[in-house]
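Here is the structure we will look at, set down as structure tokens.
Chains as they are written, first to last, in our numbering: chain C, 1 to 199; chain V, 200 to 398.
Below is the structure:
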């Protein structure tokens, strides 16, 4: 089955609508979606940023918040601008990376995005992540323990380093073969590439 | 007739595919396209940039060049990465701004974009702009003289200031009522907004 990798960060606003719609869009196209969480912070710091570009470039930030509100309305998705931005998605990303190829990962990731961008909850709080795991039908304490193990920490560091080595500088990204498509609004083009232009 | 404003800059890579396709896409939707040239340089300097963000953020720049190549291929548009970037579009923008609502403006603007992003010509050269005017059926010397008049210079300065006051920070932008849609890839969303969500 043909596949697209979906590289996302739990603190990234545009990763939220992407996560909400990519599964259904890919399923309709007969394409497997592979969820690949990573940490955007280290990649931004490597570019010289000490804060989110959306905080650093205020005009761009103002546009982004309005754009998200509008894009979610057009997609029929609930949306609330978080009171803290960016939120720390480290714990959520460790859980998601360690279990990225499990069948319950999409339900967990979707719950985390909703906690951040709809319910305005602190996704760095283990109780919030625990609730998201329960929503995905999993036992919170067992999985959070596994995700805090040095092996799981290293797995996320390696995956973040791989994101960097693949040329990523933002989130989300869709990856088709060796091609990167940056942004929620590029999912359709990634599918088009897979269909018509991939070798 | 419902209308969309198309705010563009002749040195901006993503303005090229937008200019190449926006006319036909809007005509098919029964929407008037209003061409609004401006200078991006002053808006970037106001954000603290001393060069194009695509030169300053190298990873983003590398992605952008590949993305343009790919996007133009998918659209069936010719494309060549310019040997100089960004090129100085001041003269072209003065001509375009002074004559922005004429029926020949789209032909002129399209010729300028092709000179920059297909033929790798210096669009700051009056001979190049003259050839673009001839392509649009106009007399080069008369129009270039008019565009160099203080009134025409002030018209472009005012339009650039208006771009800034509308919250623009990049190019191209589509404007529907008071809403900005940034990027070539947002034309369809701007039309969707005009159709379903505009008051």
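All residues carry an ideal CB built from backbone N, CA and C; glycine is no exception. Given the structure is predicted, the values throughout are model-derived calculations rather than measurements.
| Item | Value |
| --- | --- |
| Span separating the alpha-carbon of residue 355/V from that of residue 151/C | 59 Å |
| In DSSP terms, what residue 180/C is bridged to | 175/C |
| Continuous beta strand (DSSP E) stretch holding residue 202/V: start and end | 202-207 |
| Nearest to residue 239/V (by Cα), restricted to the options 367/V, 376/V and 382/V | 367/V |
| Supposed contact pair residue 217/V and residue 386/V - C-beta distance, whole angstroms, cut 8 Å | 7 Å |
| Contact list for residue 185/C against chain V, beta-carbon separation under 8 Å | 382, 384, 385 and 388 |
| DSSP beta-bridge partners of residue 234/V | 205/V |
| Near the ligand SAM: residue 119/C beta-carbon under 6 Å from a heavy atom | Looking for the ligand SAM in the displayed structure turns up nothing, as the structure carries no ligands at all. |
| Alpha helix (DSSP H) segment containing residue 150/C, residue limits | 150-165 |
| Residue 59/C at chain V interface by Cβ criterion, 7 Å | yes |
| Beta-carbon proximity of residue 201/V to residue 224/V, cut-off 7 Å | no |
| Contact under 7 Å by Cβ, residue 362/V with residue 234/V | no |
| Host alpha helix (DSSP H) of residue 55/C (start-end) | 53-56 |
| Partner residues on chain C for residue 244/V, Cβ-Cβ distance less than 8 Å | Ordered by position in chain C, no residue passes the 8 Å Cβ test against residue 244/V, which lies about 13 Å from the chain. |
| Own chain partners of residue 194/C with C-beta closer than 7 Å, once the 5 adjacent residues on each side are dropped | 2, 4, 31 and 176 |
| Assigned secondary structure, residue 108/C (DSSP; H/G/I helix, E/B strand, else coil) | helix |
| Within chain V, the residues that residue 63/C reaches when beta carbons sit closer than 8 Å | 366, 368, 379 and 381 |
| Beta-carbon neighbours of residue 74/C, restricted to chain V and to distances below 8 Å | 388, 391, 392, 395 and 396 |
| Three or more C-beta pairs below 8 Å linking the region 282-302 of chain V and the region 321-331 of chain V | yes |
| Where residue 65/C sits in the DSSP three-state scheme | helix |
| Burial state of residue 266/V, where buried means 16 or more other Cβ atoms lie within 10 Å | buried |
| DSSP state of residue 23/C mapped onto helix, strand, coil | helix |
| Expected contact under 8 Å - CB spacing of residue 16/C and residue 113/C to nearest Å | 4 Å |
| Candidates 9/C, 13/C, 12/C and 20/C, of which the one nearest residue 106/C by Cα | 20/C |
| Residue 242/V, enclosing alpha helix (DSSP H) - first and last residue | 239-245 |
| Endpoints, the alpha helix (DSSP H) within which residue 196/C is located | 187-196 |
| Pair within 7 Å by beta-carbon distance, residue 13/C and residue 96/C | no |
| Cβ-based neighbour list, residue 270/V, same chain, cut-off 7 Å, excluding 5 preceding and 5 following | 216 |
| Check whether residue 80/C and residue 256/V have beta carbons under 7 Å apart | no |
| Which listed residue (314/V, 369/V, 297/V and 347/V) has its alpha carbon closest to that of residue 64/C | 369/V |
| Residue from 54/C, 185/C and 159/C with nearest C-alpha to residue 100/C | 159/C |
| Sub-7 Å separation of residue 353/V and residue 315/V beta-carbons | no |
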